[in-house]
Amino acid sequence: MDRRLNDIIPSRRDALRWGGLALASTWVDGLVWPLQISAQGKSTPRGTARNCIFIELGGAISPMDTWDFKETRWTPQDLDVTEVSKGLYLSQTLFPQLAKNMSRVALVRSLQAPELIHFNGQYHTQVGRSLNPAIAREIPAFGSVVAFELAKQRRERDTFPTYISTNLTKARAGSIGAGFLPTWTTGLDLDPSTVFAAFGGDMSGANQVLSERWRLLTELARINEGQRAAMGQKAADYQTFYDDAYKLLTDARWPQVFTASADDKQRYGDDEFGLGCILARNLLGQNAGTRMIYVYDGDRWDHHSGIFDKQAEWNHYRTCQRLDKALVSLLDDLAAMPGQAPGKTMLDETLIVAQSEFGRTPGMNPVAGRDHYKGAYTGLYAGGGVAGGRVLGKTDADGSTCLDTGWRHKSQPFMDNTVATIYSALGIDWKKSVDNTPSGRAYHYVDTVNLGGSAMMESDEIGDLFA
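The numbering used here applies: residue 21 is where the sequence shown begins, and numbers increase by one.
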């Protein structure tokens, strides 16, 4: 038993400490309260979704080989490309399951990126705006904004954080904290490669030791209450973090999140991405407070060379088939789970988005790969009120230029507009602004000032996605 406890308790502590690292990156010393929030325009949030799962395809999937297929001299002969619906071509080799399920998803082929560097692009994807070093420390992840906005809907029995991510501490930009928002909106990042062993199974013995240690820690905190108070807001916020972590660890629903059958692992894939999608499914299934989940797929899609080299460790055959398994399994399982509203499924109530930080060059480079490209790329959307089978936007013959933006604006949509779409689906007014930030600069939920490029940006949702 001692060996078991010594093995488990440190690993559980390590898994949760990532939340503390994100907490440490927030602007707790400059926190202003109450926040002065105002509307900067008229919006009508749809409220078609209760939850959101955002999947980041780190490194950038190649649109012209996948979701915006273009036949070129570089196209491999074994992709088995077929027209799955009018004007929609997809490789049966790369996406054998998704090709049968395109009626359940929608594509936006006109997205534009303002940057071409992974760090900047992944930061932008996580926060919904371009990087401004002058105020970066106070900018929250959009998941933290969701947590802040949905706080009023939390129930007494909700012990899980509203915002949970997987694998983000391994991203180029790391896991972005809550910025100027209250620290309780900070996302809890879970490493799928370790948390199933750390939290799954029978943890009763470990919880007995945890309870005793918590009792001792609480007593020490009471004795040193005066000293902690003198340390200011940061000490209070860390205490809140520890309190919430204890409630989480002692909730009987928490270990259930980290159960994955042999069938689950076969269907989703027994790797960080497949397990991350299983975590997303299980978190929603427990109905314990988590509403926003960010699944990071690593930098597996950064194919600067050998994009179709089957001998390479990572190539498009492997990455696409990996995504295909997990994504369709997630769609299937959520569609089979009951939602909160009568007659609704969990998929009906959950908006799923899969998107990269930018696109890839239309032409192959000299080493049979594709480099970074910002002119046009594709995002995938499903559930949560999205009308499946739609393809919005159009590019030219090689995917280099956007010919049709696919929505009611002449300018192309950005990641910022995907964030506006997520806010709208969750019933959040994306036109809001926070006026009393630590820097004194107004924070707009969707900012039309695109610091990463000269293109004009609309602060609007991609409304054409919805029925």
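We put the CB at the ideal spot given by N, CA and C, even for glycine.
Linking Ser-195 to Thr-189 through their CA atoms gives a straight-line distance of about 5 Å. Rounded to the nearest angstrom, the Cβ distance from Val-128 to Thr-398 is 7 Å, consistent with a contact under 8 Å. At least 7 Å separates the beta-carbon of Phe-434 from that of Gln-117.
Phe-219 carries a helical assignment under DSSP once its states are collapsed to helix, strand and coil.
Here Ala-69 is buried: its Cβ has 16 or more other Cβ atoms, across all protein chains shown, within 10 Å.
For Arg-129, there is no enclosing alpha helix (DSSP H); the residue is found in the beta strand (DSSP E) stretching over 125-131.
Nearest neighbour of Asn-385 by Cα position, chosen from His-323, Gly-141, Val-373, turns out to be His-323.
Taking C-beta separations shorter than 6 Å and ignoring five residues to either side along the sequence, the partners of Val-439 in its chain run Gly-148, Phe-162, following chain order. For the options Pro-458, Ala-198, Ala-445, Asp-455, the alpha carbon positioned closest to that of Glu-481 is the one of Ala-445. Phe-74 is bridged by DSSP to Tyr-314, Val-373.
Cβ-Cβ separation between Glu-377 and Thr-145: approximately 5 Å, consistent with a contact (criterion under 8 Å). Residues Ala-59, Ser-63, Pro-65 of the same chain have their beta carbon placed closer than 7 Å to that of Asp-449, with the five preceding and five following residues left out of the count. In this structure, Asn-456 and Gln-56 form a Cβ contact; the two beta carbons are roughly 4 Å apart against a cut-off of 8 Å.
Contact between Pro-458 and Glu-158 holds, since their C-beta atoms are separated by about 5 Å, short of 8 Å.
Bridge pairing for Thr-102: Leu-110 [DSSP]. The shortest CA-to-CA distance from Glu-135 to any of Lys-394, Trp-53, Leu-208, Leu-485 is the one to Lys-394. The beta-carbon distance between Arg-301 and Lys-345, rounded to whole angstroms, is 13 Å. This is too long to meet the 8 Å contact definition. Closest option to Glu-76, judged by alpha-carbon separation, among Met-84, Glu-91, Phe-219, His-138: His-138.
By alpha-carbon distance to Phe-115, the top candidate from Thr-339, Gly-78, Trp-274, Ala-193 is Thr-339.
Counting the other Cβ atoms within 10 Å of the Cβ of Gln-173 gives fewer than 16, which makes it exposed. When the Cα atoms are used, Lys-430 and Phe-486 turn out to be separated by approximately 19 Å.
Per DSSP, the unbroken beta strand (DSSP E) holding Thr-398 starts and ends at 397-402. Secondary structure remark: continuous beta strand (DSSP E) runs of at least 3 residues inside the region 280-339, in chain order: 312-316. Annotation: the continuous alpha helix (DSSP H) that includes Ser-164 extends over 162-169.
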